[in-house]
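For reference, the structure discussed in these notes is given below.
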Amino acid sequence: MRFFELRESIEGISEKMLSQTLRNLVRDGLVWREVEPTIPPKVTYGLTPVGQGTSDRLASMFDWITDNAGDIRSTQMEFDTANS
1 MRFFELRESI EGISEKMLSQ TLRNLVRDGL VWREVEPTIP PKVTYGLTPV
51 GQGTSDRLAS MFDWITDNAG DIRSTQMEFD TANS
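Residues 1 to 84 in UniProt numbering are what the sequence shown lists, from first letter to last.
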């Protein structure tokens with residue numbers, strides 16, 4: 001995916017923050033970066049196999065949180081009421 005496509009798909013992120021985050025993800029081996037020597041340079045990003053495995057696990061965690069958000073919030077409210 002191209003940098004501008006990523007920027008457009010993530011609401012509210014600055015170019016600086018996206019650049020820093022992508023740099024860190026490349027460093028960590030979760031994302032690959034390819035630069036084509038054109039003017040301006042064409043930079044493409046994608047998930048490495050490790051990044052894809054991480055993405056799959058995070059998607060499962062997100063699904064679990066979404067499915068259980070109501071129960072979690074109810075428990076938090078009960079706790080807050082009992083401890084205020």
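For glycine and all other residues, C-beta sits at the position ideal for the given N, C-alpha and C.
Three-state secondary structure (DSSP) of residue i
{"i": "LEU30", "result": "coil"}
{"i": "THR48", "result": "coil"}
{"i": "GLU11", "result": "coil"}
Residue i classed as buried or exposed, judged by whether at least 16 other C-beta atoms fall within 10 angstroms
{"i": "VAL31", "result": "buried"}
Span separating the alpha-carbon of residue i from that of residue j
{"i": "GLU5", "j": "ILE13", "result": "12 angstroms"}
{"i": "SER74", "j": "LYS42", "result": "48 angstroms"}
{"i": "THR54", "j": "ARG27", "result": "15 angstroms"}
{"i": "SER19", "j": "PRO37", "result": "19 angstroms"}
Nearest to residue i (by Cα), restricted to the options the options
{"i": "PRO40", "options": "PHE3, ASP80, ILE65", "result": "PHE3"}
*At a cut of 8 angstroms, does the stretch 43-60 reach the stretch 18-33 through at least three beta carbon pairs?*
yes
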